[in-house]
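The numbering used here puts the first residue of the sequence shown at 854, with every later residue one more than the last.
The structure appears right after this line, and notes come after that.
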Amino acid sequence: MPMDLRVGDVVETKKNHPCGGNTFEVLRVGMDFRIRCTTCDKQLWIERPKLEKRVRKVSRTESDNTSGSIDK
Ligand SMILES: [Zn+2]
């Protein structure tokens, strides 16, 4: 079952980014994920299976989404 990852989630990975940070913000989901290192601000693409393997923890800022209409 695919991991439930959403835009805005912050994931903690087992493997550190070269900058030493290990938390990434999810910017885009799909076949590949676009994530941003929250330490050095660098953005990168990563394949879903790779990311899922590396994730240790997902923190989600629970936003009240009851209205349900988000205009992009
Ligand atoms: Zn980094």
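Backbone N, C-alpha and C define an ideal beta-carbon position, used for all residues, glycine too.
Looking only at its chain, what residues have a beta carbon closer than 6 Å to the beta carbon of residue i, apart from the 5 residues adjacent to it on each side?
i: threonine 892; result: Cys872, Gly874
i: arginine 913; result: Asp862
i: methionine 856; result: Glu905
Based on Cα-Cα distance, which residue from the options lies nearest to residue i?
i: glutamate 905; options: Glu878, Arg913, Thr866, Trp898; result: Thr866
i: glycine 884; options: Thr876, Pro902, Phe877, Gln896; result: The amino acid occupying residue 884 in the given sequence is methionine; glycine does not appear at that position. Comparing Cα positions, the closest option is Pro902.
Assuming residue i and residue j form a contact by the criterion Cβ under 8 Å, report the distance between their Cβ atoms to the nearest whole angstrom.
i: arginine 881; j: valine 860; result: 6 Å
Closer than 7 Å by C-beta to residue i: which residues in its own chain qualify, once you throw out the five before and the five after it? Chain order, please.
i: cysteine 890; result: His870, Cys872, Gly874, Phe877
i: glutamate 900; result: Asp885
Rounded to whole angstroms, what is the Cα-Cα separation between residue i and residue j?
i: arginine 907; j: glutamate 915; result: 23 Å
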